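Remarks on the structure that follows.
Numbering (our numbering), first residue to last: 7 to 136.
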């Protein structure tokens, strides 16, 4: 688990504040949890992420990226909310050989999201108001 300060390059989003405290000088400090995609999952986060491996995302941005990827790659199961089909990238990047899933297997999108989040590199961004 890696951590980074406010100077971390390539931050894409703020995410949710994990903690907020006042310093002795009265300045507010916020700590935001951010995530960086591992190399084999960068295409889920778009072309910019493929080109810039330093990009950081909030948890909400990770969810939005998965939804956009599912739509872009026609993986969303019509008429079944919250369901998607696996493509080669998601199957090989998120599921083990013994899990009984193949390319085209219909799975719960929330499971795919949680598996993506478990593969992400975790960072923390520290923001001070002055």
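Think of the CB as a built atom: it goes at the ideal place given N, C-alpha and C, for glycine as much as any other residue.
All values derive from a computational prediction rather than experimental measurement.
{"Query": "Thinking C-beta only, is residue 73 closer than 8 Å to residue 92?", "Result": "no"}
{"Query": "With three or more C-beta pairs closer than 8 Å as the rule, is the stretch 66-85 touching the stretch 102-111?", "Result": "no"}
{"Query": "My guess is that residue 39 and residue 130 are in contact by the Cβ rule of under 8 Å, so how many angstroms apart are they, rounded?", "Result": "6 Å"}
{"Query": "Cβ atoms of residue 125 and residue 100: under 8 Å apart, would you say?", "Result": "yes"}
{"Query": "Between the Cα of residue 128 and the Cα atoms of 64, 53, 83, which residue gives the shortest distance?", "Result": "64"}
{"Query": "How big is the Cα-Cα spacing for residue 7 and residue 58?", "Result": "In this predicted model, residue 7 has a pLDDT of only 38, less than 50, meaning its place in the structure is not dependable; the value taken from the coordinates is given anyway. Those two C-alpha atoms are separated by around 20 Å."}
{"Query": "Please name the residue, chosen from 135, 35, 34, 42, that lies closest to residue 71 on a Cα-to-Cα basis.", "Result": "42"}
{"Query": "Among residues of its own chain, excluding the 5 on either side of residue 45, which ones have a beta-carbon nearer than 8 Å to its beta-carbon?", "Result": "59"}
{"Query": "Please list the segments of the alpha helix (DSSP H) lying wholly inside the stretch 70-119, counting only runs of 4 or more residues, in order along the chain.", "Result": "94-100"}
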